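For the sequence shown, the positions run 432 to 509 when our numbering is used. Glycine included, every Cβ here is placed at the ideal spot set by N, Cα and C. In this text the structure is predicted, and so the values were computed from the model without any measurement. First up is the structure itself, then whatever we jot down about it.
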Amino acid sequence: MTTTPEAIHGYIAAGLECTHLEVEGDGQHFQAVIVSPAFAGKRPIQRHQIVYAVLGDRMREEIHALSMKTLTPEEYAA
């Protein structure tokens, strides 16, 4: 079964408070813009680790590649 951008959107939204979330992709390679207050005070690698934790085993089993832009609400508004 091919993973869809909509499925990834749902996985992230279910595990992380997001004020804005976009996911695009072709079934193997995905790009996401994730805006969350949980990212405040975190370095980029820490932000990615938060998303990886939300996705869990799906990162190994379902999602081949995920490119992320992770922003706080304030960064997104700027």
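> How many whole angstroms separate the CB atoms of L447 and I481, which I take to be in contact at a CB cut-off of 8 Å?
Replying inline: That pair is a contact at about 7 Å.
> What are the boundary residues of the beta strand (DSSP E) that H460 is part of?
Replying inline: Segment 460-466, the beta strand (DSSP E) holding H460.
> Where E455 and M490 are concerned, what is the direct C-alpha to C-alpha distance, given to the nearest angstrom?
Replying inline: E455 and M490 have their C-alpha atoms some 16 Å from each other.
> In terms of residue numbering, what span does the alpha helix (DSSP H) encompassing H479 cover?
Replying inline: Element bounds for H479: 475-486.
> With a CB to CB cut of under 8 Å and the five nearest residues on each side skipped, what residues in its chain are close to I443?
Replying inline: Cβ-Cβ distances below 8 Å link I443 to C449, L452, V454, A463, I465, V482, V485, L486 in the same chain, with the five nearest sequence neighbours on each side left out; the list follows chain order.
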